[in-house]
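Scroll down for the structure; my scribbles are underneath it.
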Amino acid sequence: MTGISFASLDALALHLRAELEEKKFILLYAYNGTGKTRLSMAFKDIGKQMDDEEVKRDTLYFNAFTEDLFTWDNDLEGGSDRVLKMNEASRFFAGLETLEMETRIRPFLHRYADFDFSIDYRDWSVHFSREVRVGETTQTIDNIKVSRGEENLFIWCFFLAIVQLAMDGAEAYQWVKYIYIDDPITSLDEHNAIAVGNHLAQFLKRKDHSIKTVISSHHTLFFNVLWNELREIDRKKFVPHFLSHTRKTGEFHLSYTGDTPFFHHLTLLQEIWRAKETGEVYTHHFNALRSLLEKASIFHGYKKFTVCIKQQADDPDDTLYGRLVNILSHGNYSFYDPVEMLPENKAHYEKILEDFLAFYPFNSELTPETQEQEITQ
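So the sequence shown is numbered by the numbering used here: it starts at 1354 and just counts up by one.
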């Protein structure tokens, strides 16, 4: 994949804004820890300007910071009056008291969940309730604490209701020129990931507004749903990208994913192969290697990823490398802990990857030789 490199997230955010002069939708795929949330904030910050001692903005965004505008008060003393508090100081909630938000949120929420809610603007809190069947009657249980997934769905639907207001030209949101959505499906199962992706695409299908949209995600299924849906809406106004980050140089790389559906396992293969070829192998690459093995095993109908690991002749239990991948893909080995892999573990990583590619011969063009190798040959 060809692409463009950027020295900083600010430079990348400026590039996305330039792309949106011609496009209406940008879709980004990136692994956790690449900088998606920071990119959304950089994009938002570029649009902030001072005008007569007032901060002017142009981006309505949804990311981890949006979720942080809602916090639980679990009534630790009484244990019964549990509410979700809203940060009334945020412009996100500006002017909502007069906009009948409950009636705007419910149509979105009832697509995904069976609980109800009410908003108290006196203390900026949300009360949840659910109807339950008791014998022959139905009772309403008030002040319940919803699950984390249900909470995320509610916040997401709250955001969609505000986006709808912006699209409708509501006075409180006429400043919105861009919408930036980063990973709205945290803690959701695959069914809801598909539903949210499909619904979001259909929601953005409206043509009676000029707002441009950027959506970033690490969730492959969600990305693929949006890829297909947005492309059908207007393929000339839509551009998908794969975003990666080189820790050694600090650069960010943006690659166009092409005019065919985004095959995550192929991009994953390219990333871990590139790490091997450049020698920039970190502990988190074992997580990526395991993910690749799991996807291959699922594709071939196996329950365990270890069937995709070439077993050693001197390993009577056929478990050595399976155990290595299990151990080295857990614990503190994550994208948030970029520790260079020890030489011994790097050797295991390279052998497992090379044996996998020998067993499953992918197109060699997907794993090209590095420039250094080409020069020495």
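Glycine included, every Cβ here is placed at the ideal spot set by N, Cα and C.
Determine, using beta carbons only, whether residue i and residue j come nearer to each other than 9 Å.
{"i": "Asp1363", "j": "Ala1395", "result": "yes"}
{"i": "Thr1557", "j": "Leu1574", "result": "According to the sequence displayed, residue 1557 carries Leu and not Thr. Result no, Cβ atoms of Leu1557 and Leu1574 do not sit closer than 9 Å."}
{"i": "Lys1530", "j": "Ile1564", "result": "yes"}
{"i": "Thr1566", "j": "Ile1705", "result": "no"}
{"i": "Leu1518", "j": "Leu1452", "result": "yes"}
{"i": "Ile1568", "j": "Leu1381", "result": "yes"}
{"i": "Phe1595", "j": "Gly1356", "result": "yes"}
{"i": "Ala1799", "j": "Glu1624", "result": "Here the chain comprises residues numbered 1354 to 1730, so residue 1799 is not present and cannot be evaluated."}
{"i": "Trp1528", "j": "Lys1397", "result": "no"}
{"i": "His1637", "j": "Gly1386", "result": "yes"}
{"i": "Cys1661", "j": "Tyr1609", "result": "no"}
Measuring only the C-alpha atoms, how far is residue i from residue j?
{"i": "Ile1718", "j": "Leu1710", "result": "It is Glu, not Ile, that sits at residue 1718 in the sequence shown. If you take the alpha carbons of Glu1718 and Leu1710, they lie about 13 Å apart."}
{"i": "Asn1551", "j": "Ser1597", "result": "25 Å"}
{"i": "Thr1412", "j": "Gly1675", "result": "47 Å"}
{"i": "Glu1647", "j": "Glu1375", "result": "39 Å"}
{"i": "Glu1697", "j": "Met1403", "result": "55 Å"}
{"i": "Thr1613", "j": "Trp1626", "result": "Interpretation of Thr1613 is limited by its pLDDT of 47, a score under 50 that renders its predicted location unreliable; the figure taken from the coordinates is listed afterwards. Their backbone Cα atoms lie some 22 Å apart in a straight line."}
{"i": "Phe1359", "j": "Asp1434", "result": "49 Å"}
{"i": "His1307", "j": "Asp1561", "result": "This structure cannot settle anything about residue 1307, because the visible part of the chain is limited to 1354 through 1730."}
{"i": "Arg1600", "j": "Val1485", "result": "51 Å"}
{"i": "Phe1423", "j": "Met1520", "result": "24 Å"}
{"i": "Ala1466", "j": "Lys1699", "result": "46 Å"}
{"i": "Ser1687", "j": "Ser1644", "result": "Interpretation of Ser1687 is limited by its pLDDT of 40, a score under 50 that renders its predicted location unreliable; no figure is taken from the coordinates."}
{"i": "Phe1418", "j": "Ala1554", "result": "23 Å"}
{"i": "Pro1593", "j": "Arg1370", "result": "14 Å"}
{"i": "Asp1690", "j": "Val1578", "result": "Residue confidence is low: Asp1690 scores 45 on pLDDT, short of 50, so the model does not pin down where it sits. Its coordinate-derived value is still stated next. Near 30 Å, if we compare the C-alpha coordinates of Val1578 and Asp1690."}
{"i": "Leu1373", "j": "Gly1400", "result": "13 Å"}
{"i": "Phe1639", "j": "Tyr1702", "result": "7 Å"}
{"i": "Ala1649", "j": "His1572", "result": "18 Å"}
{"i": "Asp1708", "j": "Val1516", "result": "49 Å"}
For residue i, verify whether its CB is less than 8 Å away from any heavy atom of the ligand NAP.
{"i": "Ala1360", "result": "Ligands in the displayed structure: none, and consequently the ligand NAP is not present."}
Starting from the Cα of residue i, find the closest Cα among the options and give me that residue.
{"i": "Leu1392", "options": "Glu1375, Leu1607, Glu1484", "result": "Leu1607"}
{"i": "Asn1427", "options": "Leu1695, Phe1576, Ile1497", "result": "Ile1497"}
{"i": "Ala1514", "options": "Phe1446, Phe1715, Gly1502", "result": "Phe1446"}
{"i": "Arg1559", "options": "Lys1377, Arg1370, Leu1642", "result": "Lys1377"}
{"i": "Asn1416", "options": "Thr1390, Lys1409, Asp1398, Phe1423", "result": "Thr1390"}
{"i": "Phe1470", "options": "Glu1450, Leu1449, Asp1495", "result": "Asp1495"}
{"i": "Gly1388", "options": "Lys1629, Glu1604, Thr1659", "result": "Glu1604"}
{"i": "Ala1523", "options": "Val1578, Arg1483, Met1454, Phe1658", "result": "Met1454"}
{"i": "Trp1308", "options": "Asn1505, Ala1649, Phe1712, Arg1444", "result": "Coverage of the chain is limited to positions 1354 through 1730, which leaves residue 1308 absent and any answer about it impossible."}
{"i": "Ala1733", "options": "Phe1639, Ala1525, Glu1450, Glu1503", "result": "Because the chain in this structure spans residues 1354 to 1730, residue 1733 falls outside the shown range and cannot be described."}
{"i": "Asp1421", "options": "Thr1659, Val1634, Ala1442, Arg1483", "result": "Ala1442"}
{"i": "Glu1633", "options": "Lys1657, Ala1649, Thr1602, Ser1650", "result": "Thr1602"}
Between residue i and chain D, is any beta-carbon pair separated by less than 9 Å?
{"i": "Ile1497", "result": "Among the protein chains of the structure shown there is no chain D, as only one such chain exists."}
Say whether the region 1487-1504 touches the region 1529-1536, bearing in mind that this needs 3 or more beta-carbon pairs closer than 8 Å, one atom from each stretch. no
Quick check: the region 1507-1516 against the region 1456-1476, are there 3 or more CB pairs under 8 Å? yes
Counting Cβ pairs closer than 8 Å, one from the region 1436-1443 and one from the region 1470-1478, do we hit at least three? yes
Extract the residue ranges of the alpha helix (DSSP H) inside the region 1574-1633, only unbroken runs of 4 or more that lie entirely within it. 1617-1631
For the region 1465-1532, which segments carrying the beta strand (DSSP E) assignment without a break, of at least 3 residues, lie completely within its bounds, in sequence order? 1469-1473, 1478-1487, 1490-1495
Segments assigned alpha helix (DSSP H), at least 4 residues, entirely inside the region 1374-1402: 1389-1399
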